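Participant:
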Amino acid sequence: MSQEQPRRPKGQNPIKYGDVFVVSGDLAQKPVAPEDAAMMQSAEARVLGQTQPGGAASVMQSAATRNEQAGLVGHRDVTDVTGDRGVTVTETKVPGRRIITEAVGGQVVEQYVEATPVEAGRSSAIKENAITIGEALEATAQTVGQKAVDQSDASAIQAAEVRATGSNVITPGGLAAMAQSAAAYNADCKLDQDKVKLLAGATAKLPADKAATLQDAEGVACAEVRNNPDATATPGGVAASVAAAARLNENVK
């Protein structure tokens, strides 16, 4: 008598990415697989030196283990989105802290801040531990820095600069002006490799900065979606990074 393959328990569904993270599209409907968790564990260890308690790898491992124990996924299974697009862990260093951004299939699943030593006597007008709009834009360049700038990116960056500076006047040579120029250039550029990518050094290019708020995030998201032909925001893009920063700031009030 041949041994039966493990059967999926009747009525039981796997834990999907959309159940444990704020993600959208195909990824949200995919079950968390053991190899996905292993990839994130390796990425965290490589970039951060160890797996982070409560980080994306920990959440994914817990979900994948439950899925495997229920017979819903195999031990060597990997989600196609993760296999095709991978997982990333990036570290953006700013004075006094570092911003950790973790992404699966190009979508940010976790973003948090860790304190780091600062120079003695350094002062700031920005509330301690609050992530600024400029720092959120820096994180965007780390997360999706290879994306060519389009009009939705430029509009989101302009909205972010307006909120950071408190002025509707776009600074010549500033971040928003550079983004608009890049978007215009890319629109006429035929070769992808020649297109201008998302800009780094945001905090240095902004004439002023402020802690990101939920109202800022909403304004940036509206600008990005309104100027995207698909009427969607880029996963891990400008709006997503400002929103993540705003949520983190709400938690440290």
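Residue numbers (my numbering): 434 to 686.
Where is the CB? At the ideal position from N, CA and C, for every residue including glycine.
If you're wondering where the values come from, they're calculated on a predicted model, not measured in any experiment.
(1) Short check: CB of Gly529 to CB of Ala548, under 8 Å?
(2) What are the boundary residues of the beta strand (DSSP E) that includes Arg499?
(3) Please state whether DSSP places Gln637 in a helix, a strand or coil.
(4) Buried or exposed for Gln626, going by 16 or more other Cβ atoms inside 10 Å?
(5) Less than 8 Å separating the beta-carbons of Thr573 and Lys643?
(6) Tell me which same chain residues have a C-beta within less than 6 Å of the C-beta of Gln591, skipping the five on either side of it?
(7) Identify the continuous alpha helix (DSSP H) that holds Gln613 and give its terminal residues.
(8) If I measure Cβ to Cβ from Leu681 and keep anything under 8 Å in the same chain, skipping five residues before and after, which residues do I get?
(9) Does DSSP put Ile448 in a helix, in a strand, or in coil?
(10) Hey, out of Gly669, Thr515, Ala497, Gly516, whose CA is closest to Gly507's CA?
(11) Quick one: what's got a C-beta closer than 6 Å to Gln613's C-beta in the same chain, skipping five residues either side?
(12) Under the assumption that Ala569 contacts Ala678 (Cβ atoms under 8 Å), give the Cβ distance between them as a whole number of angstroms.
(13) Check each candidate in Val522, Val453, Tyr618, Lys449 and name the one with the smallest Cα separation from Leu584.
(14) Going by DSSP in three states, Pro668 sits in which element: helix, strand or coil?
(15) Select from Gly519, Pro464, Lys526, Ala650 the residue whose C-alpha is nearest the C-alpha of Arg499.
(16) Residues in its own chain within less than 7 Å of Gly488 by CB, not counting five upstream and five downstream?
(17) Alpha carbon to alpha carbon, what distance is there between Ala666 and Ala471?
(18) Helix, strand or coil: which one does DSSP assign to Val527?
(19) Where do the ends of the alpha helix (DSSP H) carrying Ala466 lie?
(20) State the Cα-Cα distance for the pair Arg531 and Thr523, rounded to the nearest angstrom.
(21) For Val541, does the count of other Cβ atoms within 10 angstroms reach 16, so buried, or fall short, so exposed?
(22) Could you say which of Cys622, Ser674, Glu571, Arg479 lies nearest to Gly634 if we only look at CA atoms?
(23) Does Ser674 pass the burial test, meaning 16 or more other C-beta atoms within 10 Å, or should it be called exposed?
(24) For my contact list, Leu460 and Gly538 are in at a C-beta cut-off of 8 Å; report their separation, rounded to the angstrom.
(25) Can you grab the Cα-Cα spacing for the pair Glu651 / Gly451, in whole Å?
(26) By DSSP's criteria, Glu683 is part of a beta bridge. Which residues make up the other side?
(27) Starting from Ala572 and walking both ways along the alpha helix (DSSP H), at which residues does that stretch end?
Facilitator: Let me lay it out:
(1) Residue 529 sits at position 96 when you count from the first residue of the sequence shown. Residue 548 sits at position 115 when you count from the first residue of the sequence shown. The answer is yes: Cβ separation under 8 Å.
(2) The residue given as residue 499 occupies position 66 in the sequence shown. Counting along the chain, Arg499 falls outside any beta strand (DSSP E), though it belongs to the alpha helix (DSSP H) covering 489 to 502.
(3) In the sequence shown, residue 637 corresponds to position 204, counting from 1. The sequence shown places Ala at residue 637, not Gln. Helix.
(4) As a working mapping, residue 626 is identified with position 193 in the sequence shown. Gln626 should be labelled exposed.
(5) Indexing the sequence shown from 1 puts residue 573 at position 140. Indexing the sequence shown from 1 puts residue 643 at position 210. For Thr573 and Lys643, no; Cβs fall outside 8 Å.
(6) For this step, residue 591 is matched to residue 158 along the sequence shown. Closer than 6 Å at the Cβ level, and outside the excluded window around Gln591, lie Ala609.
(7) In the sequence shown, residue 613 corresponds to position 180, counting from 1. Element bounds for Gln613: 608 to 621.
(8) Locating residue 681 in the sequence shown gives position 248, where the first residue counts as 1. Within the same chain, Leu681 has close Cβ partners Gln544, Tyr545, Val546, Ile564.
(9) By one-based count along the sequence shown, residue 448 stands at place 15. Looking at Ile448 - three-state DSSP - the assignment turns out to be coil, as it is neither helix nor strand.
(10) Translated into positions along the sequence shown, residue 507 becomes position 74. Among Gly669, Thr515, Ala497, Gly516, the Cα nearest to that of Gly507 belongs to Ala497.
(11) Taking the sequence shown and counting its residues from 1, one reaches residue 613 at position 180. Result list for Gln613: Ala587, in chain order.
(12) Taking the sequence shown and counting its residues from 1, the one referred to as residue 569 is at position 136. Taking the sequence shown and counting its residues from 1, the one referred to as residue 678 is at position 245. Correct: roughly 4 Å between the Cβ atoms.
(13) The sequence position of residue 584 within the sequence shown is 151, counting from 1. Here residue 584 is Gln; the residue named in the question, Leu, does not match the sequence. Of the candidates Val522, Val453, Tyr618, Lys449, the one whose C-alpha sits nearest the C-alpha of Gln584 is Tyr618.
(14) Looking up residue 668 in the sequence shown gives position 235. In the structure shown, Pro668 sits in coil (DSSP, three-state: anything other than H, G, I, E or B).
(15) Mapped onto the sequence shown, residue 499 falls at position 66. Closest option to Arg499, Cα to Cα, is Pro464.
(16) Taking the first residue of the sequence shown as position 1, residue 488 is located at position 55. Glu477, Glu535, Glu543.
(17) Along the sequence shown, one-based indexing puts residue 471 at 38. Along the sequence shown, one-based indexing puts residue 666 at 233. Taking the straight line joining both Cα atoms gives about 28 Å.
(18) Sequence index remark: in the sequence shown, residue 527 carries index 94 (1-based). In this structure, Val527 counts as strand in the three-state DSSP scheme.
(19) Here residue 466 is taken as the residue at index 33 of the sequence shown, counted from 1. Premise fails: Ala466 is in no alpha helix (DSSP H) and is neither H nor E.
(20) Counting from 1 along the sequence shown, the entry for residue 531 is found at position 98. Counting from 1 along the sequence shown, the entry for residue 523 is found at position 90. If I take the Cα positions, the gap works out to 10 Å.
(21) If you number the sequence shown from 1, residue 541 lands on position 108. Label assigned to Val541: buried.
(22) As a working note, residue 634 is residue 201 in the sequence shown. Of the candidates Cys622, Ser674, Glu571, Arg479, the one whose C-alpha sits nearest the C-alpha of Gly634 is Glu571.
(23) Here residue 674 refers to the residue found at position 241 of the sequence shown. With 16 or more Cβ atoms within 10 Å of its Cβ, Ser674 is classed as buried.
(24) Position 27 of the sequence shown holds residue 460. Position 105 of the sequence shown holds residue 538. Correct: roughly 5 Å between the Cβ atoms.
(25) Counted from its first residue, the sequence shown places residue 651 at position 218. Counted from its first residue, the sequence shown places residue 451 at position 18. Taking the straight line joining both Cα atoms gives about 22 Å.
(26) To locate residue 683, count along the sequence shown from 1; it is residue 250. Paired residues: none, contrary to the question.
(27) Locating residue 572 in the sequence shown gives position 139, counting from the first residue. Element bounds for Ala572: 566 to 576.
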